[in-house]
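Q:
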Amino acid sequence: MKLLLRNIFYLHFLISLLSVQWVAAQQTNIAQLQDQLKNANNDEKIVINSLLSEAHMAVSDWKAAMQYAKEAEKIAKKQKSIAELGKIYSLLGDISFAKTEYKDALNYYEDAAKYYKLSANINALATTYYNIGTLNTILNKTLKIDNAFEESLKYARLSQNKGLILKITEELFNYYYERNKYKQSLAYFKEYAQIKDSTFTIEQKNQITVLRQQYVAEKEQLKETQEKLQVTNKDLAATKDILTKTDSTLSIVQTQRDTLSIITHIQSEEIEALNFEQAYKDQVIKSQGILRNVLIGGIVIILLFMGLLLHRYLYKKKTEAILRQQKEEIEAQRDNLEEMNKELEQQKEEIIVQRDEIFLKNDHLSTAYETIEQTNKHITSSIKYALEIQRAALPSEEIMNSLIPNRFIFYRPRDIVSGDFYWVRQVNNKTIIAIADCTGHGVPGAFVSMLGISLLNEITLRTNVFSAADILEALRQEVKSSLKQTGKFGEQKDGMDIALIVYDAKSKTLQFSGANNPLYYIRNNELNEIKSVKNPIGVYPRELPFSNTTIEIAPTDVFYLFTDGLVDQFGGEKGDKLKSQRFKAILTKISTKPIKEQEILLEKEFKTWIGDEEQIDDILIVGLKFT
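What follows is the structure in structure tokens.
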């Protein structure tokens, strides 16, 4: 009991000593950093203040940690250091999280995500969105949980962070499963199971292979030891035979000695009887010499055999000690192998249980998936019918050939129906052409696009407004009225981005106005851009008036109206966005070709760029040439 208490005392003393040493080391680190801070420039101060914040976090001094992080933020903003601001806001989020100030932590992580996007830090974005998803879960912000985790998953896939992908897919699987969204849950579960299986295949199977190799090696070593034991047993048997023969030889020597004694006695009596005193003396001397020699020879033989016996005895003892040690080692190896086998059996049982659980979940998910699949068929059928309605609302091929025969339309909806649309109408010998990108894509975007087509038809029929800017202004007011948008907090911000031109064939002029969508035209192999007003069609905090730009058309001019779908599409070798610079280069390259051929070339460029990536948005590009 005293020994136990003494050990406990020593353990507490050691823990206290290590804690003191840890704190002392951190204090030394803090002092060194504070010395470096005195002579540092602004860029160095950002890094040193961040390190001081982390050092104070290590000793749970949250107030000082927050103070240094805030100082780093202040200097980084002054220096406009985008990359460092992302790290600093992540650090502020970590401090707030440790203090259980979850709302502040969420705000800091969201700020960090903005700066990580600007600096294109994919790994940091994946981790930051995972933290945002975790905080949304803690704060019970259910509408934002899946968005954050899906953003995290997108960047984790780009950075091929399998460990984080595994955690996110498990979160999303449970999230959708708890909300009876079985199709999404099944998709994430399949990805989770695939990564989990690959992880087991790489790690657990390697471990089993190593254990099996150890088992085979130790089994071979045991076999060799047993063979050595058999050889040793044979040596012991041979030694035993030698000892037996030695005992027999000693018996013969003793018999011979006894015989010599008898002979000497008889000879003494004969000499004594013949009274040959001198001969007797000589014979006695001679007999004593012989006896001495025989005794010496016998003693030598005995000593030799005793030496041999002692050597064999010592060899036997040594061999027994070696065998005893080998036996103990073999028994220890056998116990280790039995323990390994038990662990392998336990792992096997755990894997079987996990497999059974996965099979059970698969059965539930399969049943749910069949129900979802049936529902999906009905929904898909309805959406396809909506597609027919949307196609009917778009200008017919006859109208397009009549009003703008020299054109191409590159139209690639992401889903069955689209949030992008194109519209053409002739009023008072002027041709009005518009392309628009409505909020969202798929069914929601399609509803807004139908509203946009209907309102454009109504505006151009009932009014005498033919200025491009006036048409957009009228459209903005109608959209706000139809969607009951007042600008109040929390209401829907649906609307559209649009580019609209009015072509006057008589004067050979073109009038343009745009809401977040510009106009490109190429003249003499040089691309020109007419910028749009940075406002959407719909409610906006700071509404600006739409402007008109008039262009006198040259015979070789080629005009392009487009939405942002292709510009924002991921692809290429690095999975980047296409962006405006590449898009302009593509248009410049194809602009010298006939207008119909340009659509074919654009299709090839699109397929080459997107590769195996998924299409992320609706794509609409219209090329026009007025002759």
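Just so we're on the same page, this note's numbering is the position in the sequence shown counted from 1, plus 312.
For each residue, glycine too, the CB sits at the ideal point set by N, CA and C.
Note that this is a predicted model, so its numbers are computed, not measured.
Compare the C-alpha of Ala746 against each of Ala499, Leu768, Ser464 and Phe759 and name the closest.
A: Out of Ala499, Leu768, Ser464 and Phe759, Leu768 has the C-alpha closest to the C-alpha of Ala746.
Q: When burial is assigned at 16 or more other CB atoms within 10 Å of the CB, is Asp930 buried or exposed?
A: With 16 or more other Cβ atoms within 10 Å, it is buried.
Q: What does the alpha-carbon distance come out to for the pair Gly799 and Ile728?
A: Distance between the alpha carbons of Gly799 and Ile728 is about 32 angstroms.
Q: Since Gly826 is in the beta strand (DSSP E), which residue starts that stretch and which ends it?
A: Unbroken beta strand (DSSP E) run through Gly826: Thr821 to Ala827.
Q: Determine the closest residue to Asp355 out of Ile912, Lys628, Pro857 and Glu385, with distance taken between C-alpha atoms.
A: If we check each option's Cα against that of Asp355, Glu385 comes out closest.
Q: If I follow the unbroken beta strand (DSSP E) through Glu838, where does it start and stop?
A: Glu838 to Ile842 is the span of the beta strand (DSSP E), which, as asked, contains Glu838.
Q: In angstroms, rounded to a whole number, what distance separates the CA positions of Tyr428 and Asn435?
A: Between Tyr428 and Asn435, the C-alpha separation is close to 9 angstroms.
Q: Starting from the C-beta of Ile933, find all residues in its chain whose C-beta is less than 6 angstroms away, skip the five residues before and the five after it, and write them out in chain order.
A: Once the five neighbours on either side are set aside, the close Cβ partners of Ile933 are Phe722 and Phe874.
Q: Kindly indicate which residue of Ser393, Val371 and Ser362 has the alpha-carbon position closest to the one of Lys382.
A: Nearest C-alpha to Lys382: Ser362.
Q: Let me make sure I understand the geometry here. Which of Leu476, Gly935 and Asp458 has the alpha-carbon closest to that of Ala438?
A: Out of Leu476, Gly935 and Asp458, Leu476 has the C-alpha closest to the C-alpha of Ala438.
Q: Under a three-way DSSP split, which group does Glu915 fall into?
A: DSSP places Glu915 in helix when its eight states are reduced to three.
Q: Bridge partners of Leu677, per DSSP?
A: Leu677 is not bridged to any residue.
Q: Is Phe895 buried or exposed, if buried means 16 or more other CB atoms sit within 10 Å of its CB?
A: Phe895 is buried by the Cβ-count criterion.
Q: With the cut-off set at 8 angstroms, would you say Gly826 and Tyr872 are in Cβ contact?
A: For Gly826 and Tyr872, no; Cβs fall outside 8 angstroms.
Q: Whole angstroms are fine: how far does the CA of Thr743 sit from the CA of Ala704?
A: Straight-line Cα distance between these residues: approximately 20 angstroms.
Q: Can you tell me the Cα-Cα spacing of Gln645 and Gln506, whole angstroms?
A: So the alpha carbons of these two residues sit roughly 37 angstroms apart.
Q: Can you tell which of Ala370, Ile701 and Ile450 has the C-alpha that lies nearest to the C-alpha of Val755?
A: Of Ala370, Ile701 and Ile450, the residue nearest in Cα terms is Ile701.
Q: May I ask you to report which of helix, strand or coil DSSP gives Lys493?
A: Residue state, collapsed to three classes: coil.
Q: Taking Asn829 as the reference, give the member of Gln823, Leu822, Ile842 and Ala817 with the closest Cα.
A: The shortest C-alpha separation from Asn829 is found at Ile842.
Q: Excluding five sequence neighbours on each side, which residues of the same chain lie with their C-beta closer than 6 angstroms to the C-beta of Glu861?
A: Contrary to the premise, residue 861 reads as Thr rather than Glu in this sequence. Result list for Thr861: Phe824 and Ile842, in chain order.
Q: Count Cβ pairs between the stretch 676–689 and the stretch 879–896 that sit closer than 8 angstroms; are there 3 or more?
A: No: fewer than three Cβ pairs fall under 8 angstroms.
Q: Can you give the Cα-Cα distance for Gln379 and Arg491, rounded to whole angstroms?
A: Answer to the nearest angstrom: the Cα atoms are 42 angstroms apart.
Q: Which same chain residues, not among the five before or five after Leu323, have their C-beta less than 8 angstroms away from its C-beta?
A: In this prediction, Leu323 has a pLDDT of 39, which is less than 50 and means its spatial position is unreliable; what the coordinates show is noted afterwards. Within the same chain, Leu323 has no close Cβ partners at all.
Q: What residue does the beta strand (DSSP E) around Phe409 start on, and which one ends it?
A: Here Phe409 belongs to no beta strand (DSSP E); instead the alpha helix (DSSP H) covers Ile394 to Ala410.
Q: Excluding the five sequence neighbours on either side, which residues of its own chain have a C-beta within less than 8 angstroms of the C-beta of Ser714, listed in chain order?
A: So the list is empty, once near-sequence residues are dropped.
Q: How many angstroms separate the CA atom of Lys479 from the CA atom of Phe461?
A: Distance between the alpha carbons of Lys479 and Phe461 is about 10 angstroms.
Q: On a CA-only basis, which of Pro707, Asp732 and Lys886 is nearest Arg469? Give me that one, please.
A: For the residues Pro707, Asp732 and Lys886, the minimum Cα distance to Arg469 belongs to Lys886.
Q: Give me the residue from Asn353, Lys390, Ile358 and Ile342 with the minimum Cα distance to Val371.
A: Of the candidates Asn353, Lys390, Ile358 and Ile342, the one whose C-alpha sits nearest the C-alpha of Val371 is Ile342.
Q: Distance check for Gly850 and Lys453, CA to CA, integer angstroms please.
A: Cα-Cα distance, rounded: 28 angstroms.
Q: Let's see if you can read the secondary structure: which residues bound the beta strand (DSSP E) around Asp809?
A: Run containing Asp809: Met808 to Asp816, per the beta strand (DSSP E) assignment.
Q: Where DSSP assigns a beta bridge to Ile834, which residues make up the other side?
A: Leu839 and Val870.
Q: Among the candidates Thr868, Ser859 and Ala817, whose CA atom is the shortest distance from the CA of Ile834?
A: Among Thr868, Ser859 and Ala817, the Cα nearest to that of Ile834 belongs to Thr868.
Q: Taking the beta carbon of Ile634 as the centre, do at least 16 other beta carbons fall within 10 Å, making it buried, or is it exposed?
A: With fewer than 16 other Cβ atoms within 10 Å, it is exposed.
Q: Beta-carbon within less than 7 angstroms of Ala377's beta-carbon, same chain only, minus the 5 sequence neighbours each way: which residues are those?
A: Excluding sequence neighbours, Ala377 sits near Ser365, His368, Met369 and Ile407.
Q: Compute the Euclidean distance between the alpha carbons of Tyr414 and Asp423, then round it to the nearest angstrom.
A: If you take the alpha carbons of Tyr414 and Asp423, they lie about 14 angstroms apart.
Q: Which word fits Gln789, buried or exposed, when buried means at least 16 other C-beta atoms lie within 10 angstroms of its C-beta?
A: Gln789 is exposed by the Cβ-count criterion.
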